[in-house]
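A.B. asks: This is the structure, below, for whatever I ask next.
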């Protein structure tokens, strides 16, 4: 195993040199200290894994381990040291695991006891270890001119015979000033019995510390299998269908002949094996190409000359010419490296411009917009969690706790609800479906046709591409499985197993596990079954008007803009009648995750849903094993105690049914969009508004208590819409949610739109402009004058990403003042001038003519016109509004 360690004094600016160094010496592990990386800073090197521990709250310090891909290893548990910064990996070798630790002890530390405790912890690991790094410990035993307290402490500890101190013969630290002597402070501490080569310094890389290289003899790292991906561009789907047809047996098969869950599970297992076998035969695997910048020969030569001069300057420290040349060449290397990376980026953008397919561009944009795509070290109770398995367990604890939000609360309906739910669950009788209720291959084929091919797959490893290419024979088999499941009231366990991925919440502290959102990856074929169930439940719900007319969320032909439009119209009407309107937005805490399972089953039963639908939903929502995944690591599975499955097709419909009996506001108006709830009341005087809203809130609180839901008072907001300025016409009391006073705000956010007291939409427009400025920073490398992305794609990017953000809910704010709307036009002008490489003072008319884009006012006029026409033709919307206006 070839190992190097180095104090880099900031790694970001030396990335090209580090890449060259790793490849030149064919290193397995590079231990780095003083990385100077901030938590959000990205660092990647092709062909290597990077593990970091950045110093919190300080731009300096930090340690990292750079490990060659293919080396079998895992990140070790953090030791929770006080003064020494350390990160550790366990490398699997043919002679057992070896712990490799990158460590750094800051020179300014004066806490001797903490340093000795940390050293004791590090050196008493019950494994073979190599601790590599800058310990700022000087002693004559390792060729330092003088000893310091850290060196003496380290030497005394080594005398106990627990570990050896290995060091090169030449100094590792060469101060830039000749006033200070070179010293050896970059050391290796080891308890290993393996023979190693003598550590040697190398004059490479740009730092006042030299890198040290050594090799552990007679050991080889265990290699991981090279990860391959399926190449769908060369897939033989004809062969795929042929194999499935040969393996699928339909003789004497009928859904009525599949009588129990064991038969269903066996059929699913066999069918899954058949699909995966056909997929393996028909779709070739390739090793994915990796992004790699080739260092040109002239830059390699400059690096060699710089290293040679550095060696000379270290030997002849008073030779100022050699130092000046080294500094000059270091600057030259950095400049050339930046140019090289810019050229590589430009080539990528040029390739995108020349390509007819824009998929690669959208992938890059998505990566840039969602910049945090990994889970950094997590901090719990002042302990840092580095290892993926530790992070998985920490996130699992948080995600599981979310489902217990209201689970243990008592309800007045507990006894009757549990009795009905238990009776339904214990009912083992199969239901005979009518011909109209049966799932037919034609229905499955229609669902598969509309599936998106690039959706992530679940734990069964079957993706939508495979499903879309299934032969008719397989569709017949699937229909038999689906029908037998519906008749038995059984949702297969294999399709309930959930892979949970943690996604960081934007703008939050990502070291806290609570600031992550779980994203569930479900079985693709299970989701097809969900769609067939959802269709049947929707038919019954629609025929019986189960879902409230004020509910616009997850309803066909209805959107957030329709609900906002309804809200605005109601407020404006009352204002025109010289009335005021009070509105409160209620935040239902973790609404989807805390749905009471038995309560949902009870409501389906009470609302006369067919028994087979109630039974299948009961099976669907209960006993769903979830496990959190980070890379190859996964947590122990947990069963959510409450809630509807996240990422499921069926969940939004079930949630709407669960809250379909929400109490209606007396003489007021209710606005529902899934779990976003707003209540309003209008009057000429504020007194009746406050009283009626408080009464409605109390009714809603009682409803939530009964059905085990929880209102988050802290996130609830209230606003008073009025044109009156007289104090007599303004509220002098606050609304109350759970006995917490909710102050009247100047503006509230509802369904992505900021509503102010007079509906001027000034704040909404200002926030939109700020949001687009953030997007500009993210997309600047695509849009700036030096970008090689062609004009057509730059404008396409603007139209697809920025303009929809600018114009969101434009039918609602189109009545705002011209001065407010001009702020959005200024944002569009700014983007177009950057895209067209024109100065800030260039004519606005000309930039729109050149870009062939309408002014924002003209564009919104066109889109709003289409919206009004759509509203006029929308029979579902008309039916809702007619009912609500009665």
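In the numbering used here, the protein residues as written are 24 to 909.
Glycine included, C-beta positions come from ideal geometry on N, C-alpha and C.
These numbers were taken from a predicted model, which means no experiment stands behind them.
Please work out which residues of its chain come closer than 7 Å, Cβ to Cβ, to residue 71, disregarding the five sequence neighbours upstream and downstream, and give them in chain order.
C.D. replies: The residues are 45, 89, 90, 91 and 92.
A.B. asks: Taking the alpha-carbon positions, what's the residue 716 to residue 758 distance?
C.D. replies: Roughly 7 Å between the two C-alpha positions.
A.B. asks: Assuming residue 417 and residue 536 make a contact with CB atoms under 8 Å, what is their CB distance in whole Å?
C.D. replies: Contact flag correct, Cβ pair sits at about 5 Å.
A.B. asks: Which first and last residues belong to the alpha helix (DSSP H) in which residue 894 is found?
C.D. replies: Counting along the chain, the alpha helix (DSSP H) containing residue 894 begins and ends at 879-896.
A.B. asks: Please specify which runs of the alpha helix (DSSP H), each continuous and at least 4 residues long, are wholly inside the region 586-637, giving them in chain order.
C.D. replies: Complete alpha helix (DSSP H) runs here, min 4: 620-629.
A.B. asks: Can you list, in chain order, the residues of its chain with a C-beta nearer than 8 Å to that of residue 176? Leave out the 5 residues immediately preceding and following it.
C.D. replies: Only 135, 138, 139, 142 and 160 meet the Cβ criterion.
A.B. asks: Could you pull out every residue in the same chain whose Cβ sits closer than 8 Å to the Cβ of residue 794, ignoring the five residues on either side in sequence?
C.D. replies: Result list for residue 794: 828, in chain order.
A.B. asks: Going by other Cβ atoms of all chains shown within 10 Å of its Cβ, with 16 needed for buried, is residue 576 buried or exposed?
C.D. replies: Residue 576 is buried by the Cβ-count criterion.
A.B. asks: Would you call the CB atoms of residue 428 and residue 610 closer than 8 Å?
C.D. replies: No. Outside cutoff.
A.B. asks: Compute the beta-carbon to beta-carbon distance between residue 30 and residue 232, rounded to the nearest angstrom, for a pair I have assumed lies under 8 Å.
C.D. replies: Sure, about 4 Å apart at Cβ, within 8 Å.
A.B. asks: Starting from the C-beta of residue 337, find all residues in its chain whose C-beta is less than 6 Å away, skip the five residues before and the five after it, and write them out in chain order.
C.D. replies: These residues qualify, in order along the chain: 197.
A.B. asks: Ignore the nearest five residues each way along the sequence and tell me which others in residue 405's own chain have a CB closer than 6 Å to its CB.
C.D. replies: Counting only Cβ-Cβ distances below 6 Å, and skipping sequence neighbours, we find nothing.
A.B. asks: Kindly indicate which residue of 642, 835, 890 and 812 has the alpha-carbon position closest to the one of residue 928.
C.D. replies: Since the first residue of the chain shown is 24 and the last is 909, residue 928 is not available in this structure.
A.B. asks: Please go through the region 756-806 and give each complete alpha helix (DSSP H) segment of 4 or more residues, from N-terminal end onward.
C.D. replies: Runs found: 785-806.
A.B. asks: Based on Cα-Cα distance, which residue from 642, 620 and 775 lies nearest to residue 732?
C.D. replies: Comparing Cα-Cα distances from residue 732 to each of 642, 620 and 775, the minimum goes to 620.
A.B. asks: For residue 466, which residues of its own chain have a beta-carbon under 7 Å away from its beta-carbon, when the five flanking residues on both sides are left out?
C.D. replies: The answer, listed in chain order, is 555.
A.B. asks: Do the CB positions of residue 517 and residue 546 come within less than 8 Å of each other?
C.D. replies: Result yes, Cβ atoms of residue 517 and residue 546 sit closer than 8 Å.
A.B. asks: In or out: residue 814 buried (at least 16 other Cβ within 10 Å) or exposed?
C.D. replies: Counting Cβ neighbours within 10 Å, residue 814 comes out exposed, since fewer than 16 surround it.
A.B. asks: Compare the Cα-Cα distances from residue 25 to each of 646, 566, 244 and 33 and report the closest residue.
C.D. replies: The shortest C-alpha separation from residue 25 is found at 244.
A.B. asks: Can you give the Cα-Cα distance for residue 127 and residue 261, rounded to whole angstroms?
C.D. replies: Spanning the two alpha carbons is a distance of roughly 59 Å.
A.B. asks: Could you give the first and the last residue of the continuous beta strand (DSSP E) run that contains residue 647?
C.D. replies: Premise fails: residue 647 is in no beta strand (DSSP E) and is neither H nor E.
A.B. asks: By DSSP, does residue 715 sit in helix, in strand, or in coil?
C.D. replies: Reduced to three states, the DSSP call for residue 715 is helix.
A.B. asks: Alpha carbon to alpha carbon, what distance is there between residue 560 and residue 266?
C.D. replies: Rounded to the nearest angstrom, the two C-alpha atoms are 35 Å apart.
A.B. asks: In chain order, what residues of the same chain have a beta carbon less than 6 Å from the beta carbon of residue 332, not counting five sequence neighbours either side?
C.D. replies: Once the five neighbours on either side are set aside, the close Cβ partners of residue 332 are 345, 348 and 349.
A.B. asks: Near residue 894, what residues of its chain come up, given a Cβ to Cβ distance below 7 Å and the 5 sequence neighbours on each side ignored?
C.D. replies: So the qualifying residues of the chain are 900.
A.B. asks: Out of 523, 61 and 566, state which residue places its alpha-carbon closest to the alpha-carbon of residue 80.
C.D. replies: Nearest C-alpha to residue 80: 61.
A.B. asks: Take residue 217 as the anchor and find which of 426, 627, 242 and 173 has the nearest alpha-carbon.
C.D. replies: Among 426, 627, 242 and 173, the Cα nearest to that of residue 217 belongs to 242.
A.B. asks: Roughly how far, in whole angstroms, is the beta-carbon of residue 325 from the beta-carbon of residue 355, given that I think they are within contact range, below 8 Å?
C.D. replies: About 6 Å separates the two Cβ atoms, so the contact holds.
A.B. asks: With C-beta atoms as the reference, is residue 650 less than 8 Å away from residue 522?
C.D. replies: Cβ atoms of residue 650 and residue 522: closer than 8 Å.
A.B. asks: In terms of residues, what are the limits of the alpha helix (DSSP H) holding residue 688?
C.D. replies: Element bounds for residue 688: n/a, residue is neither H nor E.
A.B. asks: Would you mind reading off the limits of the alpha helix (DSSP H) that contains residue 147?
C.D. replies: Counting along the chain, residue 147 falls outside any alpha helix (DSSP H), and DSSP gives it neither H nor E.
A.B. asks: What did DSSP end up calling residue 202 once you bin it into helix, strand or coil?
C.D. replies: Note: residue 202 maps to coil in three-state DSSP.
A.B. asks: Just how far apart, CA to CA, sit residue 852 and residue 886?
C.D. replies: Going from the Cα of residue 852 to the Cα of residue 886 covers about 19 Å.
A.B. asks: Express the C-alpha separation of residue 193 and residue 235 in angstroms, rounding to a whole number.
C.D. replies: Approximately 10 Å, taken between the alpha carbons.
A.B. asks: From this set, 470, 572 and 558, which residue's C-alpha is nearest residue 459's C-alpha?
C.D. replies: It is 558.
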